[in-house]
């Protein structure tokens, strides 16, 4: 199993590169940023903005070898206003003309987010060459074990059938299938608390 560490500011360039590479071929990103070259330029800036906002507030985990990363939001908290105020303009600058489509997708997903405290997995990424080797499960277990110990559910939005199957193996269930016009589907998924033995 991959060795998982909590990321620090010095790790962000590697984490951002991992996220950008892993999400480059994800169906929803291919749909709303169809040009490969534009997508390759946009995603690093997009994920850099997200990670910079999450680092002081949420949790970013990485594999020790840098091949995988996960970005989590803590239960019962909204992003602090200071981070949100900086994040908005950075995302707008990163996404450019694609920002409007992103803004349409977000509320479609948000309406299915639980209204009670939960951990939210915003991104889980494994570099393509390392997929299928247990990295995703190791990153998930880092927080899901805590969910079970604390009695707190977890929520996420799956971006592909393959990812959905991974999450189902970790006891997530689909609560909604979301599309925007002719987009590929996204799946809102919830994992209730699994009682620990003993």
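In our numbering, the protein residues as written are 520 to 717.
Note that beta-carbon positions come from the ideal geometry of N, C-alpha and C, so glycine has one too.
The model shown is predicted, which means the values in this text are computed figures rather than measured ones.
With 16 other Cβ atoms within 10 Å as the buried cut-off, status of residue i
i: residue 716; result: Only weak support exists for where residue 716 lies, its pLDDT of 48 falling under 50; the value from the coordinates is given anyway. It counts as exposed.
i: residue 676; result: buried
i: residue 525; result: exposed
i: residue 540; result: buried
i: residue 568; result: buried
i: residue 654; result: buried
i: residue 529; result: exposed
Residue i - containing beta strand (DSSP E), residue span
i: residue 591; result: 587-592
i: residue 706; result: 705-710
i: residue 701; result: Looking at the DSSP string, residue 701 is not in any beta strand (DSSP E), and its letter there is neither H nor E.
i: residue 676; result: 673-677
i: residue 740; result: No information on residue 740 is available, as it lies outside the stretch 520 to 717 that the chain covers here.
Reduced DSSP category for residue i - H, G, I as helix; E, B as strand; rest coil
i: residue 694; result: strand
i: residue 631; result: coil
i: residue 581; result: strand
i: residue 660; result: helix
i: residue 625; result: helix
i: residue 685; result: helix
i: residue 716; result: Any answer about residue 716 is weak, because its pLDDT of 48 lies below 50 and its placement is not dependable; what the coordinates show is given next. Coil.
i: residue 535; result: helix
i: residue 604; result: helix
i: residue 541; result: helix
i: residue 526; result: coil
i: residue 665; result: helix
i: residue 596; result: coil
i: residue 655; result: helix
i: residue 648; result: helix
Supposed close pair residue i, residue j - CB separation, criterion 8 angstroms
i: residue 697; j: residue 705; result: 5 angstroms
i: residue 673; j: residue 637; result: 6 angstroms
i: residue 536; j: residue 586; result: Their Cβ separation, rounded to whole angstroms, is 10 angstroms, which puts residue 536 and residue 586 out of contact at 8 angstroms.
i: residue 571; j: residue 531; result: 7 angstroms
i: residue 703; j: residue 546; result: 4 angstroms
i: residue 602; j: residue 631; result: At roughly 23 angstroms, the Cβ-Cβ gap does not stay under 8 angstroms, so residue 602 and residue 631 are not in contact.
Start and end residues, alpha helix (DSSP H) containing residue i
i: residue 617; result: First-last for residue 617: undefined, no H or E at that position.
i: residue 560; result: 555-573
i: residue 546; result: 546-551
Span separating the alpha-carbon of residue i from that of residue j
i: residue 651; j: residue 701; result: 29 angstroms
i: residue 780; j: residue 663; result: With the chain covering only 520 through 717, there is no way to say anything about residue 780.
i: residue 616; j: residue 552; result: 9 angstroms
i: residue 645; j: residue 600; result: 30 angstroms
i: residue 669; j: residue 591; result: 16 angstroms
i: residue 620; j: residue 554; result: 15 angstroms
i: residue 608; j: residue 543; result: 22 angstroms
i: residue 533; j: residue 681; result: 24 angstroms
i: residue 667; j: residue 709; result: 13 angstroms
i: residue 595; j: residue 578; result: 14 angstroms
i: residue 661; j: residue 624; result: 28 angstroms
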